[in-house]
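What follows is a single structure, written as structure tokens, with notes after it.
Residue numbers (this note's numbering): 14 to 586.
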């Protein structure tokens with residue numbers, strides 16, 4: 014573990030949902046009590062934020078997904094357990110518990126259950142792999158198998174694949190397990206511990222410490238060493254080795270887009286480093302303990318010669334200071350939600366709690382600082398949907414890593430929908446990098462949303478008498494020219510009128526020509542003239558109500574809800 018201490022037709026359909034929001038009502042709407050103004054957001058420093066998913070974890074060290082279509086997250090706890098998060102909630106009990114494993118589990122110092130990787134075909138073969146320290150402190154890589162419904166891993170399924178002697182020191186155990194794009198299992202080991210690699214393991218090609226290893230597990234037990242491993246066969250050196258010269262690699266990941274391998278390596282006392290390894294590039298020497306980062310290291314007890322070695326410098330490094338002292342590697346973001354973040358490597362520091370990104374495609378990327386946190390960052394993780402997560406060791410909290418355009422939507426459950434709305438050019442927020450998610454939706458704002466989305470031409474004339482001087486007046490006239498609105502009666506538009514949820518349901522149901530409802534979904538809309546459309550709206554999956562049994566028909570539609578309605582409707586078309 015770390016150092017101790019356009020789719021234009023579809024869009025038109027989706028957005029015409031709201032056209033009747035501006036059609037005549039039985040009575041003029043009231044003036045808004047909290048209508049948010051409309052005020053445009055590339056990845057900038059400070060954009061990354063954390064939103065809490067759940068807590069209650071005990072010294073979490075990792076977060077992974079199983080790739081089995083369940084969307085579950087699996088949080089690795091140092092004490093030897095793996096907990097499941099489903100539907101953003103920590104589930105009771107443990108998915109895996111190694112505390113009774115044969116050979117023991119030791120958790121003193123930096124020891125414990127350190128890593129977990131699911132077989133690429135876990136959904137069918139139920140195989141997974143763990144990395145832990147046994148009762149004597151040695152590193153163990155073992156294969157296990159979940160029960161048929163993949164909800165529990167019996168400890169009796171434990172099958173040791175590899176044991177690496179590591180009894181002398183409690184630190185620098187490494188701990189990352191990854192299946193690569195090639196289908197092989199990659200193992201990242203520390204140098205054996207102690208200051209300055211006293212055993213000179215990292216540069217020793219016959220030692221499995223301070224290395225990246227690559228093996229091909231056999232589902233029936235054991236493993237082979239794949240062709241392409243640089244020291245395999247008659248070549249001197251251990252057959253399992255893929256790369257050498259690592260001190261304590263603390264978290265590594267593969268870039269989903271190109272297969273590049275990212276390795277964060279914890280430094281000795283001055284520098285932390287990030288290594289980028291192009292896909293399918295074996296045999297690299299990352300320098301330890303000849304170098305720390307890009308700098309020559311003065312080994313207090315040198316046991317090797319560094320002259321003549323071909324060393325690979327890190328792609329980025331940072332010095333100790335301001336509390337920074339132990340890098341925690343992350344992932345290159347390839348998710349679908351935060352477009353500015355795509356192609357950026359996200360990482361942090363265990364000691365300071367700081368979070369940075371760097372451009373994963375740049376030749377010499379600079380570090381972009383985002384945030385100081387109080388978290389002891391032990392791992393980032395990637396969900397099945399490619400969104401990123403992070404765990405806090407001391408507080409036992411799982412966070413989602415987000416990069417919204419707006420500063421006030423981090424805790425909104427509609428953050429994905431709001432982000433989509435911004436990317437589609439339908440909103441630039443309400444000013445000052447804010448979206449005002451709880452602001453009620455007013456009719457004048459809706460006119461601008463629609464006019465922008467539909468790219469309507471300039472208005473030909475003035476249609477209404479009550480919008481003179483309103484900053485949305487041009488867009489109100491544009492949607493009137495297009496026949497989208499006829500106002501609210503008497504030559505007026507009622508620009509400040511608010512939009513209740515029952516009317517929203519009718520507008521959307523009619524605009525999408527939704528099929529008739531097959532059942533009653535809510536208990537609080539009986540007798541409401543929009544009840545049928547509310548049920549049609551629910552059956553289409555555009556709303557889930559304001560609770561399991563209620564719709565809150567007279568509640569005002571707020572901006573975050575509007576974003577969700579639009580996004581769901583667009584996605585379903």
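Heads up, the beta-carbon is just placed ideally off N, CA and C, and yes, glycines get one too.
Leaving out five residues before and five after residue 45 in sequence, what residues of the same chain have Cβ atoms less than 8 Å from its Cβ? Your numbering for residue 45 matches position 32 in the chain shown. Residue confidence is low: residue 45 scores 29 on pLDDT, short of 50, so the model does not pin down where it sits. No coordinate-derived value is stated.
Outcome for residue 550 when other beta-carbon atoms lying within 10 angstroms are tallied against a minimum of 16: Here residue 550 corresponds to residue number 537 of the chain shown, with the count starting at 1. The residue in question, residue 550, is buried, as its Cβ has 16 or more Cβ neighbours within 10 Å.
Counting only runs of 4+ residues fully inside the region 59–83, write out the alpha helix (DSSP H) ranges in chain order. none
Alpha carbon to alpha carbon, how far is residue 536 from residue 558? Position 523 of the chain shown, counted from the first residue, corresponds to residue 536. Position 545 of the chain shown, counted from the first residue, corresponds to residue 558. Each residue's alpha carbon lies about 11 Å from the other.
Please state the DSSP three-state secondary structure of residue 564. Taking the first residue of the chain shown as 1, we reach residue 564 at position 551. Residue 564 falls in the coil class under three-state DSSP.
Simplified DSSP assignment, three categories, for residue 402: One-based indexing of the chain shown puts residue 402 at position 389. It is a strand residue.
Closest by CA to residue 224, which one among 70, 245, 67 and 202? Along the chain shown, one-based indexing puts residue 224 at 211. Here the closest residue by C-alpha is 202.
Simplified DSSP state of residue 298, which is helix, strand or coil: The residue you call residue 298 lines up with position 285 of the chain shown. In this structure, residue 298 counts as strand in the three-state DSSP scheme.
As assigned by DSSP and simplified to three states, the class of residue 436: Within the chain shown, residue 436 is the residue found at index 423, counting from 1. It is helical.
If you draw a straight line from the C-alpha of residue 526 to the C-alpha of residue 429, how long is it? On the chain shown, position 513 is the one that residue 526 refers to. On the chain shown, position 416 is the one that residue 429 refers to. Taking the straight line from one Cα to the other gives about 26 Å.
Just the C-alpha distance for residue 244 and residue 127, rounded to the nearest angstrom, thanks. The residue labelled residue 244 in the question sits at position 231 within the chain shown. The residue labelled residue 127 in the question sits at position 114 within the chain shown. Using only the alpha carbons, I get a separation of about 26 Å.
DSSP three-state label for residue 52, please. Numbered from 1 along the chain shown, position 39 holds the residue referred to as residue 52. Summary for residue 52: the model assigns pLDDT 38, below 50, so the residue's position carries little reliability; its value from the coordinates is reported in the next sentence. Coil at residue 52, not helix or strand.
With distances taken between CB atoms, is the gap from residue 514 to residue 568 smaller than 7 Å? In the chain shown, residue 514 corresponds to position 501, counting from 1. In the chain shown, residue 568 corresponds to position 555, counting from 1. Yes, these two residues count as a Cβ contact at 7 Å.
Under DSSP, the alpha helix (DSSP H) around residue 493 begins and ends at which residues? Taking the chain shown and counting its residues from 1, one reaches residue 493 at position 480. Note, residue 493: alpha helix (DSSP H), 486–494.
Test item: CB-CB of residue 406 and residue 72 under 7 Å: Taking the first residue of the chain shown as position 1, residue 406 is located at position 393. Taking the first residue of the chain shown as position 1, residue 72 is located at position 59. Closer than 7 Å, so yes.
Along the chain, which unbroken stretches of the beta strand (DSSP E) at least 3 residues long are found entirely within the region 266–298? 274–278 and 284–290
What does the Cβ neighbour count give for residue 102, buried or exposed, with the cut at 16 atoms within 10 Å? Looking up residue 102 in the chain shown gives position 89. So residue 102 ends up on the exposed side.
Would you mind stating whether residue 341 and residue 275 have Cβ atoms separated by less than 7 Å? On the chain shown, residue 341 is found 328 positions in, with the first residue counted as 1. On the chain shown, residue 275 is found 262 positions in, with the first residue counted as 1. Result no, Cβ atoms of residue 341 and residue 275 do not sit closer than 7 Å.
On the premise that residue 124 lies in contact with residue 108, defined as a C-beta separation below 8 Å, what is that separation, rounded to the nearest angstrom? Position 95 of the chain shown, counted from the first residue, corresponds to residue 108. Position 111 of the chain shown, counted from the first residue, corresponds to residue 124. Actually they are not in contact, since the Cβ atoms of residue 108 and residue 124 sit about 21 Å apart, beyond 8 Å.
Give the secondary structure of residue 415 by DSSP, where H, G and I count as helix, E and B as strand, and everything else as coil. The sequence position of residue 415 within the chain shown is 402, counting from 1. In this structure, residue 415 counts as strand in the three-state DSSP scheme.
My assumption, with CB atoms under 8 Å, is that residue 292 sits in contact with residue 189. Please give the rounded CB distance. In the chain shown, the residue the question calls residue 292 occupies position 279. In the chain shown, the residue the question calls residue 189 occupies position 176. With 8 Å as the limit, residue 292 and residue 189 do not qualify as a contact, their Cβ atoms being about 17 Å apart.
Among 427, 503 and 461, which residue has its Cα nearest to the Cα of residue 578? Here residue 578 refers to the residue found at position 565 when the chain shown is read from its first residue. The option with the nearest alpha carbon to residue 578 is 427.
In this structure, how does DSSP classify residue 317 when only helix, strand and coil are distinguished? Counted from its first residue, the chain shown places residue 317 at position 304. Three-state result, residue 317: coil.
Within 10 angstroms of its Cβ, does residue 220 collect 16 or more other Cβ (buried), or is it exposed? Here residue 220 is taken as the residue at index 207 of the chain shown, counted from 1. Buried is the call here.
Distance, Cα to Cα, residue 319 vs residue 61? Your numbering for residue 319 matches position 306 in the chain shown. Your numbering for residue 61 matches position 48 in the chain shown. So the alpha carbons of these two residues sit roughly 40 Å apart.
Tell me which same chain residues have a C-beta within less than 6 Å of the C-beta of residue 574, skipping the five on either side of it? In the chain shown, counting from the first residue as 1, residue 574 sits at position 561. So the list is empty, once near-sequence residues are dropped.
Just to check, is the beta-carbon of residue 500 closer than 6 Å to a non-hydrogen atom of the ligand MG? Among the components modelled here there is no ligand, and therefore nothing to report on the ligand MG.
Keeping to the same chain, check which residues put their C-beta closer than 6 Å to that of residue 204; ignore five residues upstream and five downstream. Taking the first residue of the chain shown as position 1, residue 204 is located at position 191. These residues qualify, in order along the chain: 185, 210, 214, 215, 222, 223 and 260.
Is residue 57 buried or exposed, if buried means 16 or more other CB atoms sit within 10 Å of its CB? As a working note, residue 57 is residue 44 in the chain shown. Residue 57 is exposed by the Cβ-count criterion.
Sequence-distant residues of the same chain with beta carbon closer than 6 Å to residue 352, five excluded per side: By 1-based counting over the chain shown, the position of residue 352 is 339. Result list for residue 352: 436, in chain order.
Just to confirm, is the Cβ distance from residue 518 to residue 541 under 7 Å? By 1-based counting over the chain shown, the position of residue 518 is 505. By 1-based counting over the chain shown, the position of residue 541 is 528. Contact flag unset, no.
Which same chain residues, not among the five before or five after residue 313, have their C-beta less than 8 Å away from its C-beta? Here the question's residue 313 lines up with position 300 in the chain shown. Within the same chain, residue 313 has close Cβ partners 208 and 209.
Can you say whether residue 566 is buried or exposed, counting buried as having 16 or more other CB atoms within 10 angstroms of its CB? Position 553 of the chain shown, counted from the first residue, corresponds to residue 566. Buried.
Measure the alpha-carbon distance for residue 13 versus residue 365 and round it to whole angstroms. The structure shown has nothing for residue 13, since the chain only spans 14 to 586.
Report yes or no: do the region 139–156 and the region 228–241 share at least 3 C-beta pairs separated by less than 8 Å? yes
Please go through the same chain and pick out, in chain order, the residues whose beta-carbon is closer than 6 Å to the beta-carbon of residue 476, but skip the five residues on each side of it. Position 463 of the chain shown, counted from the first residue, corresponds to residue 476. The answer, listed in chain order, is 490 and 493.
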